[in-house]
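Chains as they are written, first to last, in numbering that gives the first Met the number 0: chain X, 0 to 454; chain U, 0 to 360.
The structure under discussion appears below in the form of structure tokens.
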Amino acid sequence: MANQQHDESGRLRKAPENFLDASGISRVWAEAKAGRRHFMRSAFAAAAATLAAPAALAQSNPVAAEGGDPNILNLPEHSTGLGQGVVTDGYGKPSQYESNVQRRQSPGLTQTTQASVSFAPLQSLFGIITPSGLHFERHHQGWWDIDPSRHRFMINGLVKTPMVFTMDELMRLPSVSRFHFIECGANTAVEWGNVAVPTVQYTHGMISCSEFTGVPLITLLDMAGIDRKKARFVLAEGADGSSMTRTIPMSLVNSGEVFVAYGQNGEMLRPENGYPLRLVVPGVQGVSWVKYLRRIEVGDMPWGAKDEAIHYIDLMPDGTHRQYTSIQECKSVVTTPSGGQVLLDKGYYNITGLAWSGRGKVRRVDVSVDGGRNWRSARLQTPVLSKSLTRFNIDWVWDGKPALIQSRAQDDAGYVQPTYRQLREVRGTRSIYHNNAIQSWLVQESGEVKNVQLS
Amino acid sequence: MSSSPRVLWIVLAWMVCGLGWAQSSSFPGIGRPATDKEVAKWDIDVRPDFKGLPAGAGSVAKGQEVWEAKCAQCHGIFGESNEVFSPLIGGTTAQDIKIGRVANLERSDYPGRTTMMKVPTVSTLWDYINRAMPWNAPKTLSTEEVFAVTAFMLNLANVVPDSFVLSDKNIAEVQQRMPNRKGMSARHAMWPGLEFGSQGKPDALNALCMKDCAAEPKLASLLPDYARNAHGNLQEQNRLVGPQRGADTTRPEARQLASVPAGAAPASRAEAVKPETSANKAAAALLARHTCTACHGMDRKLLGPSMVEIARKHPGKTDYLLGKIRQGGVGVWGSIPMPAQNLPEADAKVLAEWISRGAGR
Chain X
0 MANQQHDESG
10 RLRKAPENFL
20 DASGISRVWA
30 EAKAGRRHFM
40 RSAFAAAAAT
50 LAAPAALAQS
60 NPVAAEGGDP
70 NILNLPEHST
80 GLGQGVVTDG
90 YGKPSQYESN
100 VQRRQSPGLT
110 QTTQASVSFA
120 PLQSLFGIIT
130 PSGLHFERHH
140 QGWWDIDPSR
150 HRFMINGLVK
160 TPMVFTMDEL
170 MRLPSVSRFH
180 FIECGANTAV
190 EWGNVAVPTV
200 QYTHGMISCS
210 EFTGVPLITL
220 LDMAGIDRKK
230 ARFVLAEGAD
240 GSSMTRTIPM
250 SLVNSGEVFV
260 AYGQNGEMLR
270 PENGYPLRLV
280 VPGVQGVSWV
290 KYLRRIEVGD
300 MPWGAKDEAI
310 HYIDLMPDGT
320 HRQYTSIQEC
330 KSVVTTPSGG
340 QVLLDKGYYN
350 ITGLAWSGRG
360 KVRRVDVSVD
370 GGRNWRSARL
380 QTPVLSKSLT
390 RFNIDWVWDG
400 KPALIQSRAQ
410 DDAGYVQPTY
420 RQLREVRGTR
430 SIYHNNAIQS
440 WLVQESGEVK
450 NVQLS
Chain U
0 MSSSPRVLWI
10 VLAWMVCGLG
20 WAQSSSFPGI
30 GRPATDKEVA
40 KWDIDVRPDF
50 KGLPAGAGSV
60 AKGQEVWEAK
70 CAQCHGIFGE
80 SNEVFSPLIG
90 GTTAQDIKIG
100 RVANLERSDY
110 PGRTTMMKVP
120 TVSTLWDYIN
130 RAMPWNAPKT
140 LSTEEVFAVT
150 AFMLNLANVV
160 PDSFVLSDKN
170 IAEVQQRMPN
180 RKGMSARHAM
190 WPGLEFGSQG
200 KPDALNALCM
210 KDCAAEPKLA
220 SLLPDYARNA
230 HGNLQEQNRL
240 VGPQRGADTT
250 RPEARQLASV
260 PAGAAPASRA
270 EAVKPETSAN
280 KAAAALLARH
290 TCTACHGMDR
300 KLLGPSMVEI
310 ARKHPGKTDY
320 LLGKIRQGGV
330 GVWGSIPMPA
340 QNLPEADAKV
350 LAEWISRGAG
360 R
């Protein structure tokens, strides 16, 4: 029996979606575990044979009784007919079979949709780039689609000449394109005390990564004649209802990393992400990446804005708050397999996930399948870029026994992602923001994966 | 006449260049000096040292008037409401005002953190009310009203007395009574610069153990069974192809169902996705455009009743509903008033008719 199972491993067994429901799959599992492999074959075969369904969904293994897979033997319409023409849709959309891949709200998290958040479906994404339409959203006072011909960008404060720019002018200047992650300071916030949500979409989905295009802020500040002696902070302000403000350190602006962006993944920013202009502050939490950016003020002290004095402050066990916490520290998460998914069979899996650090590049990622007792180093997929998402992969042959999958990242500053115990020892459980603890996924014998925390 | 601003602009540009504005020459023709009037209109921020605060004053009494008309719908009569946003007022004491630290923040059993428990700087309240409130009509309050509403909030938290008039002259004194004015620290490693002095080292340190590490073997937390479907059916939130599928969370966990025979019809996606009629789509668009959705959910009570609840209570009463939309009301669904809504008559009519016909249900 062990040999037989070994023979079955090393390839993917794809369940015919909608032919066997969860209880059916579990029955298959029960039978499989009892050593009745023939039952598994016949169950899939029966399902495939009795139901006519869209070809893309019927992905059973070859059925010997018919001499081959009907998906091979019976040529489908797309192999024997004429397909659709160009520009059927002037702006192409994902396949109809991808409609489950959506950004989603976490039920009960907020009372309104205008002051709310939607989470990116990390469990379904490949590589490091977040498709713009799946980029997570965080709005404080609703989103707008602003006419770019009427948008203005102003610089004032400690400059020789306060200046105004149109979008036309900003887009004439020398541009840079850079890959960066943006993570909400409150990503994984609901998990500080205990497990609260089921999937990686809700635990970690307030992160996205794009190639942004724009103009370094320091270039614009120089055009206005910034007073480099007195300037210590800049204030970024949005043009939307809440006119969001955040204080940005001059040292980071001086490094040239901070830029005003109009481009995202080869096109203009999406309205939900700040069209036509937003600030990009690499490594820093998303609330500082002010959307609908209308103004930068140069100053010599921090502003104590609402999101620096009431929200986005980290409560410590002694009752004080850490103010102006901004850097997103090194963090990683396995995205597949992850919570709420069901593995379809024993055998080979590519454990894959995302790692990032607000302090620079990811140096390494280790993965454990036994809850952190033993670790192996994962392969980092290129490109590995500073303050960007990094994709990691590692081979795993699942033996059907419960497994606890974790990932642990280290950045090039040498900082290692902490466990929940280590994080809570310092910051308690009520900090809300900046939870970068190691995530644990429990793979059960049924194949179903659960979000768990260990102690 | 129309050319005179242009002439002025050119003269100004010449003057600026004459003053040695050297950097601009790298990118000739891009950007122009902002006028004083433009800067004044947009530069509205108020810093903790009150730079940017306009001259003015507002009384607690005036603040209460404004509050009840424009703020209480969301924040509650006493700033205590948890219906839409986190509570603003509560949890602070006279002792906190005296020493500048909110004692309840040290208690892990204290049920929440209000704005007044956290905010260290009174400038933050003034600035945010001025730039962002009321939520559905930001930047519409007068300077007096912003002072007044700030004063009223401070009064609710017993920071200032009932008779108080807050002004640019006395706001620095009020700062010295803010309950959590000494509750903040910038000593941490999470600011990307040296502007607050030398950075601390990162805390919560881990090491790179690889073999036989001291793991945490006990399962300490997982979702309870009753929450299995709380985020919707996870089967529908995962791709239909690949190494794994989403778990069907409309059913108990598979492991416990091993003895139940297979064969029950699987949840069909076609069933789950109900086709939206064009009337529903149009109504939804109007509800969003006129920000009705800030207070009314489709089938879930938010601040106000849901559309479905209203439809159930007032079937066929188009004119009544139209009146309510136009004039607002209070008492039918609770004590929180709905303000009169200023939307085009035609849109209001479409919505009233749509609700009276069942709000799409």
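Glycine included, every Cβ here is placed at the ideal spot set by N, Cα and C.
{"Check": "The alpha helix (DSSP H) enclosing W41 (chain U), as first and last residue numbers", "Outcome": "35 to 41"}
{"Check": "Three CB pairs or more closer than 8 Å across the stretch 135 to 145 of chain X and the stretch 101 to 117 of chain X", "Outcome": "yes"}
{"Check": "Residues in the stretch 178 to 196 of chain U having any Cβ partner in chain X nearer than 9 Å", "Outcome": "N179, K181, G182, M183, S184, A185, R186, H187, A188, M189, W190, P191, G192, L193, E194, F195"}
{"Check": "CB contact flag (V361 (chain X), T389 (chain X), <8 Å)", "Outcome": "yes"}
{"Check": "C-beta neighbour in chain U for Q200 (chain X), strict 8 Å", "Outcome": "yes"}
{"Check": "beta-carbon S250 (chain X) near the ligand ZN non-hydrogen atom, thresh 7 Å", "Outcome": "With respect to small molecules bound, the structure shown includes none, and the ligand ZN cannot be examined in it."}
{"Check": "Reduced DSSP category for S115 (chain X) - H, G, I as helix; E, B as strand; rest coil", "Outcome": "strand"}
{"Check": "Interface positions of the stretch 107 to 128 of chain U facing chain X (Cβ-Cβ less than 8 Å), listed along the chain", "Outcome": "S107, R112, T114, K117, V118, P119, T120, S122, T123, D126, Y127"}
{"Check": "Burial state of K312 (chain U), where buried means 16 or more other Cβ atoms lie within 10 Å", "Outcome": "exposed"}
{"Check": "Beta bridge counterpart(s) of Y347 (chain X) as assigned by DSSP", "Outcome": "X:V396"}
{"Check": "Coarse secondary structure for P53 (chain U), derived from DSSP in three states", "Outcome": "coil"}
{"Check": "Nearest-angstrom beta carbon gap, I29 (chain U) and L172 (chain X) [assumed within contact, 8 Å]", "Outcome": "6 Å"}
{"Check": "Per-residue burial, R102 (chain X) [other beta carbons within 10 Å of its own, 16 or more giving buried]", "Outcome": "buried"}
{"Check": "Counted within 10 angstroms of its Cβ, other Cβ atoms place R294 (chain X) as buried (16 or more) or exposed", "Outcome": "buried"}
{"Check": "C-beta contact flag for H230 (chain U) and P197 (chain X) at 8 Å", "Outcome": "yes"}
{"Check": "6 Å Cβ shell around G156 (chain X) - same chain, five flanking residues per side excluded", "Outcome": "E296, V297, G298"}
{"Check": "Pick from U:G330, U:E64, U:K217 that is closest to T365 (chain U), judged by C-alpha positions", "Outcome": "The requested residue 365 (chain U) does not occur in the structure, where chain U is confined to residues 0 to 360."}
{"Check": "C-beta atoms of R360 (chain U) and M300 (chain X) nearer than 8 Å", "Outcome": "no"}
{"Check": "Of the listed residues X:S209, X:N193, X:E210, X:T129, nearest to T202 (chain X) (C-alpha basis)", "Outcome": "X:N193"}
{"Check": "Where the stretch 28 to 47 of chain U meets chain X: residues whose CB sits under 7 Å from a CB there", "Outcome": "I29, G30, R31, P32, A33, E37, V38, W41, D42, D44, R46, P47"}
{"Check": "Coil, strand or helix - R288 (chain U) by DSSP", "Outcome": "helix"}
{"Check": "CA nearest to the CA of Q284 (chain X), picked from X:L276, X:N434, X:L169", "Outcome": "X:N434"}
{"Check": "Closest by C-alpha distance to L219 (chain X), when choosing among X:K92, X:W288, X:N253", "Outcome": "X:N253"}
{"Check": "Proximal chain X residues relative to L207 (chain U), where beta-carbon distance stays under 9 Å", "Outcome": "R363, D365, W374, R407, Q409, V415"}
{"Check": "Per-residue DSSP class, three states only, for K93 (chain U)", "Outcome": "One detail in the question is off: residue 93 (chain U) reads as Ala in this sequence, not Lys. Here A93 (chain U) sits in helix by DSSP."}
{"Check": "Cross-chain neighbours of F163 (chain U) in chain X, by beta carbon under 8 Å", "Outcome": "The contacting residues do not exist; F163 (chain U) stays about 22 Å from chain X at best."}
{"Check": "Proximal residues of chain U, C-beta to C-beta of M249 (chain X) below 8 Å", "Outcome": "G192, E194"}
{"Check": "Beta-carbon gap between F211 (chain X) and R177 (chain X) smaller than 8 Å", "Outcome": "yes"}
{"Check": "Run of the beta strand (DSSP E) containing V364 (chain X), from where it starts to where it stops", "Outcome": "361 to 367"}
{"Check": "Distance between Q438 (chain X) and A412 (chain X) (C-alpha atoms, nearest Å)", "Outcome": "21 Å"}
{"Check": "Closest by C-alpha distance to L353 (chain X), when choosing among X:R372, X:Q416, X:L314", "Outcome": "X:Q416"}
{"Check": "Beta-carbon separation (whole angstroms), M243 (chain X) vs V289 (chain X), contact threshold 8 Å", "Outcome": "5 Å"}
{"Check": "For P32 (chain U), the three-state DSSP class (helix, strand or coil)", "Outcome": "strand"}
{"Check": "Extent of the continuous beta strand (DSSP E) to which I295 (chain X) belongs", "Outcome": "292 to 298"}
{"Check": "Of the residues X:P106, X:L314, X:S174, the one placed nearest V425 (chain X), counting alpha carbons only", "Outcome": "X:L314"}
{"Check": "Assigned secondary structure, M39 (chain X) (DSSP; H/G/I helix, E/B strand, else coil)", "Outcome": "Confidence at M39 (chain X) is low in this model, with a pLDDT of 36, below 50, so the placement of that residue is unreliable and no value is reported for it."}
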